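Visitor: Just passing along the structure, written as structure tokens.
Number of protein chains: 2
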Amino acid sequence: MELLEQIGQGAKEAESLLRILSEEKKNMVLNRAADALVKHTDRILAANEKDMARGKEKGMKAGLLDRLLLTPERIEGMAEGLRQIADLPDPIGQVIKEHTPPSGLLIRQVRVPLGVIGIIYEARPNVTADAFGLCFKTGNAVVLRGGSDALYSNRAIVEVLRETLAACECPVTAVSLLSDTSRETAAAFMKLNRYIDVLIPRGSAGLIATVVQNSTIPVIETGSGNCHIYVDEAADLNMAAEIVFNAKTQRIGVCNACESLVVHEKVKDAFLPVLAKRLSEKQVELRGDERARASCPMKEACEADWGTEYLGYILSVKVVDSVSEAVSHINRYNTGHSEAIITEDKAHAEQFLREVDAAAVYVNASTRFTDGFEFGFGAEIGISTQKLHARGPMGLEALTSYKYEIYGTGQVRG
Amino acid sequence: MELLEQIGQGAKEAESLLRILSEEKKNMVLNRAADALVKHTDRILAANEKDMARGKEKGMKAGLLDRLLLTPERIEGMAEGLRQIADLPDPIGQVIKEHTPPSGLLIRQVRVPLGVIGIIYEARPNVTADAFGLCFKTGNAVVLRGGSDALYSNRAIVEVLRETLAACECPVTAVSLLSDTSRETAAAFMKLNRYIDVLIPRGSAGLIATVVQNSTIPVIETGSGNCHIYVDEAADLNMAAEIVFNAKTQRIGVCNACESLVVHEKVKDAFLPVLAKRLSEKQVELRGDERARASCPMKEACEADWGTEYLGYILSVKVVDSVSEAVSHINRYNTGHSEAIITEDKAHAEQFLREVDAAAVYVNASTRFTDGFEFGFGAEIGISTQKLHARGPMGLEALTSYKYEIYGTGQVRG
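From first to last, the protein sequence lines stand for chains V and W.
Here the working numbering runs 22 ahead of the position in the first sequence, where the first position is 1.
Here the working numbering runs 22 ahead of the position in the second sequence, where the first position is 1.
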């Protein structure tokens with residue numbers, strides 16, 4: 023626990039120096055950190071081998087082992103990520119608004135760093151470099167709590183980043199890693215309000231729920247996506263089939279994949295058999311309500327299916343009689359991530375856009391577009407499913423706050 | 023606890039209807055609610071008399087009794103507050119940004135309500151109408167948990183508001199009041215994540231700390247202000263004396279009042295005696311460090327003084343040798359509210375503006391200007407001292423989130 027105190031203090035000290043770093047300096051450090059990661063590939067791979075050996079010994083599943091594995095190409099990818107962040111415009115110092123009220127004060131709203139950001143994540147070591155890059159570019163110190171499975175890899179990456187910071191005369195405590203990955207320390211970390219301004223959990227729904235329940239630091243919830251596509255009575259059914267196929271199968275296991283289909287009664291007979299055929303190319307299992315099953319043979323959906331993020335080759339199917347019913351169903355079961363309507367009817371599209379409560383609401387496009395790169399932010403720290411501070415894909419701006427700089431000429435309040 | 027569940031569900035149901043109310047309708051309801059409060063003055067005053075009688079019986083202090091007291095004028099003030107909110111522009115539906123990335127999607131960021139807002143506050147019954155007005159204007163449902171001392175008054179006000187909502191065919195659960203003001207229910211209320219999107223505590227530092235420690239709902243911290251004024255070596259000393267006098271004495275007991283003076287070594291001898299004389303008009307007690315006491319007779323400040331928000335006629339005085347030392351002192355002891363520098367030196371002003379970490383940083387003006395009306399927002403739900411979501415005075419925009427509305431023509435992800 024003393025260690026936590028020390029890490030918190032170190033981050034806080036770095037914060038005041040990072041806040042005033044120039045854009046040039048930050049970009050220089052990011053590019054040099056990228057070079058250093060590549061230069062120290064062997065060292066990072068050696069550390070990763072230890073993690074991999076331990077993971078195999080523990081009987082970790084193939085999918086998790088693959089997420090843990092580093093290769094020279096993956097390290098080059100991490101470096102390229104840092105270089106891309108260096109190329110993005112720096113939001114810090116930007117004047118968001120300015121105005122002069124009757125008092126004659128000039129009130130300027132200026133973008134500033136959040137301060138110290140805590141990130142809690144699971145096995146993927148590439149998050150380590152990525153989170154550092156995004157936080158550093160926005161003048162924030164970052165405290166990382168990665169999973170115990172990736173501890174050696176994360177340590178090696180943070181060492182290389184810190185060596186670069188030291189060589190560039192920047193505070194090394196701009197990035198810290200909790201080496202103690204116990205639950206007790208994680209619990210204490212989540213209560214470190216006096217040092218940490220915001221906590222961002224990245225990982226499974228379970229991890230995120232634990233952080234929300236236990237943190238006294240403000241949390242940005244990211245993650246789970248129970249995304250729906252509603253095929254309206256006025257849909258172009260060919261377009262609908264292609265979009266559902268893409269959103270369900272283009273990449274399985276991602277939060278913006280489609281998990282549930284909602285179909286209008288009037289088109290279900292024409293649409294469902296065609297869609298089922300298309301999805302059978304990827305062996306997608308359909309689970310439908312009674313009306314869906316009457317149109318096309320499929321398994322029966324139970325209540326739990328409507329609320330499940332499968333992250334796999336399964337799609338639930340619900341039949342409705344109107345846009346309003348589709349909206350009610352979606353607002354009841356969704357996780358506030360991404361939802362789509364397929365329709366040629368403008369009024370239906372507008373109603374859906376207005377009434378569905380989610381970070382991203384699409385007309386005639388795949389839900390798979392919800393990410394920071396596709397949204398043109400150039401990078402992403404996660405996808406927020408809450409409404410406070412940031413919603414949807416979070417780019418650099420989501421890691422900033424603002425302050426008011428106010429210029430007077432002796433004004434006092436009457 | 024069952025009651026909480028019912029209140030949460032009611033608010034959630036209202037949310038989906040409020041989200042799509044037109045600006046005209048919302049303004050009509052606000053103006054009619056204002057009329058209804060005035061019309062039912064006698065009923066509200068009768069309820070308030072019960073609270074006042076109980077307060078006197080309990081031996082409540084005069085200051086608290088005054089905050090609890092309603093009069094026809096104060097009810098007219100509440101009504102006028104609602105009318106002013108009706109006159110403000112509605113931020114909901116505003117397009118914040120829009121762009122088209124290479125995919126050809128039109129991505130539009132649109133302002134939407136937060137959803138359901140919880141407000142926890144203490145004895146002042148005027149907050150009840152005010153919080154309803156701000157939340158309703160921004161399409162949010164609100165659940166109020168006022169202090170037990172004002173329960174009869176708050177109930178009467180909420181009854182009048184709900185009668186207006188019903189008469190206007192709006193969901194009455196747009197505003198709810200927790201009648202059970204026990205600690206247990208307050209604790210359960212703070213964990214109502216599934217119904218409440220954000221919790222805003224308004225009141226003492228103790229109340230706010232309790233909410234931050236116990237809430238699993240995202241909290242916007244408002245409140246305490248340990249505000250500093252730094253009188254630089256290049257200050258206009260007459261201006262400095264007037265500004266400090268104003269910030270300290272114009273209104274005692276408010277969060278943007280000045281609590282601590284920081285003075286440059288080079289001007290302390292010329293400034294402190296003059297200031298002490300000016301502040302003696304209001305019997306302000308000075309508490310200084312050694313160097314301050316050498317310039318001007320005053321009490322000795324102890325370590326605790328630097329971190330104390332007096333909310334009274336006391337001012338601590340610290341002498342420093344540079345802008346940097348002033349900044350370090352302020353960043354160590356402030357609460358992130360409002361800080362000022364008095365100087366004619368532009369470089370010193372810029373350094374102070376950039377390096378001081380607070381919601382509002384002033385050059386040559388009184389810290390008393392930090393509020394929603396002075397900032398031109400027309401209304402205020404509180405002053406945020408955190409960096410997430412909203413910082414500084416919070417007007418209507420602070421009660422909103424955004425969603426992305428995305429228009430495609432069949433795009434799928436490659």
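C-beta atoms are modelled at their ideal positions from N, C-alpha and C, and glycine is treated no differently.
The structure displayed is predicted, hence computed values, not measured ones.
So, helix, strand or coil for Tyr-424(W), using DSSP?
Guide: Three-state result, Tyr-424(W): strand.
Visitor: Between Gly-310(V) and Glu-287(V), what straight-line distance do the alpha-carbon atoms span, to the nearest angstrom?
Guide: Computed Cα separation, rounded: 13 Å.
Visitor: With which residues is Cys-280(W) paired in a DSSP beta bridge?
Guide: Paired residues: Cys-249(W).
Visitor: According to DSSP, Gly-404(V) sits in a beta bridge with which residue or residues?
Guide: Answer is Met-416(V).
Visitor: Just how far apart, CA to CA, sit Ser-125(W) and Val-434(V)?
Guide: Cα to Cα, the separation comes out at about 53 Å.
Visitor: Taking only beta-carbon positions, decide if Leu-410(W) is within less than 8 Å of chain C.
Guide: Annotation note: the requested chain C is absent from the structure, which comprises protein chains V and W.
Visitor: Between the C-alpha atoms of Ile-42(V) and Ala-326(V), what's the straight-line distance to the nearest angstrom?
Guide: Distance between the alpha carbons of Ile-42(V) and Ala-326(V): 51 Å.
Visitor: At 8 Å on the CB atoms, spell out the chain W contacts of Met-261(V), in chain order.
Guide: The answer, in chain order, is Gly-432.
Visitor: Any chance the region 255-272 of chain V sits against the region 255-275 of chain W, with 3 or more Cβ pairs inside 8 Å?
Guide: Judged by Cβ distances under 8 Å, the region 255-272 of chain V makes no contact with the region 255-275 of chain W, as fewer than three pairs qualify.
Visitor: Could you compute how far the alpha carbon of Ala-163(V) sits from the alpha carbon of Lys-34(V)?
Guide: C-alpha separation (whole angstroms): 8 Å.
Visitor: Name the DSSP beta bridge partners of Lys-321(V), please?
Guide: Per DSSP, Arg-309(V).
Visitor: Closer than 8 Å by beta-carbon distance: list the chain W residues that pair up with Asp-219(V), in chain order.
Guide: Within 8 Å Cβ-Cβ: Gln-408, Lys-409 and Leu-410.
Visitor: Is the beta carbon of Gly-358(V) closer than 8 Å to that of Ala-443(V)?
Guide: Look at the range of chain V in this structure, 23 to 436, and you will see that residue 443(V) is not part of it.
Visitor: Which residues in the same chain have their Cβ closer than 7 Å to the Cβ of Ala-69(W), if we skip the five residues on either side of it in sequence?
Guide: Around Ala-69(W): Tyr-174, Ser-175, Arg-177 and Ala-178.
Visitor: Over the uninterrupted alpha helix (DSSP H) stretch that includes Val-296(W), give me the two end residues.
Guide: It spans 287-302 - the alpha helix (DSSP H) in which Val-296(W) sits, taken as one unbroken run.
Visitor: Going by alpha carbons, who is nearest to Asn-4(V) out of Asn-278(V), Tyr-426(V), Pro-319(V) and Ala-369(V)?
Guide: Residue 4(V) lies beyond the range of chain V shown here (23 to 436); nothing can be said about it.
Visitor: Do Phe-211(W) and Gly-137(W) have their C-beta atoms closer together than 8 Å?
Guide: Contact flag unset, no.
Visitor: Output the distance between the C-alpha atoms of Leu-421(V) and Lys-61(W), rounded to the nearest integer angstrom.
Guide: Cα-Cα distance, rounded: 48 Å.
Visitor: Terminal residues of the continuous beta strand (DSSP E) containing Gln-131(V)?
Guide: Gln-131(V) -> beta strand (DSSP E) spans 128-135.
Visitor: Are the C-beta of Gln-235(V) and some C-beta of chain W separated by less than 8 Å?
Guide: Yes, because at least one Cβ of chain W sits closer than 8 Å to the Cβ of Gln-235(V).
Visitor: Looking at Val-284(W): is its Cβ nearer than 8 Å to the Cβ of Lys-340(W)?
Guide: Yes, they are a contact pair.
Visitor: Can you give me the start and stop residues for the beta strand (DSSP E) that Lys-340(V) sits inside?
Guide: Taken as a continuous stretch (DSSP letters only), the beta strand (DSSP E) holding Lys-340(V) covers 336-342.
Visitor: Whole angstroms are fine: how far does the CA of Gly-334(V) sit from the CA of Asn-53(V)?
Guide: Computed Cα separation, rounded: 38 Å.
Visitor: For Gly-398(W), go through chain V and note every residue whose CB falls closer than 7 Å to its CB, in chain order.
Guide: The answer, in chain order, is His-121 and Pro-123.
Visitor: In chain V, which residues lie with their C-beta within 7 Å of the C-beta of Tyr-355(W)?
Guide: Result: empty, since nearest Cβ-Cβ is about 13 Å, beyond 7 Å.
Visitor: By DSSP, does His-351(W) sit in helix, in strand, or in coil?
Guide: Correct three-state label for His-351(W): helix.
Visitor: Report the rounded CA-to-CA distance for His-250(W) versus Phe-293(W), giving the unit in angstroms.
Guide: Approximately 16 Å, taken between the alpha carbons.
Visitor: May I ask which residues mark the beginning and end of the beta strand (DSSP E) holding Glu-361(V)?
Guide: Counting along the chain, the beta strand (DSSP E) containing Glu-361(V) begins and ends at 360-364.
Visitor: CB-CB under 6 Å to Ala-314(W), same chain, minus the five flanking residues each way: which ones, in chain order?
Guide: Correct list, in chain order: Val-339 and Val-341.
Visitor: Taking its Cβ as the centre, do 16 or more other Cβ atoms sit within 10 Å of Ser-204(V), making it buried, or is it exposed?
Guide: Exposed: under 16 other Cβ atoms inside 10 Å.
Visitor: In whole angstroms, what is the alpha-carbon distance linking Thr-407(V) and Ala-348(V)?
Guide: When rounded, the distance between both Cα atoms is 20 Å.
Visitor: Check whether the Cβ of Phe-211(W) lies closer than 8 Å to any Cβ atom in chain V.
Guide: Chain V, which has no Cβ nearer than 8 Å to the Cβ of Phe-211(W), makes this no.
Visitor: Looking at Val-117(V) and Gly-430(W), is the spacing between their C-beta atoms short of 8 Å?
Guide: Not in contact: Gly-430(W) and Val-117(V) (Cβ atoms no closer than 8 Å).
Visitor: Let me check one thing: in DSSP terms, what residues is Glu-396(V) bridge-paired to?
Guide: Partner(s): none; Glu-396(V) has no beta bridge.
Visitor: I'd like to confirm the pairing. Which residues does DSSP put opposite Thr-244(V) in its beta bridges?
Guide: Ser-406(V), per the DSSP bridge assignment.
Visitor: What are the residues that DSSP puts in a beta bridge with Gln-433(V)?
Guide: BP columns for Gln-433(V) point to Ala-387(W).
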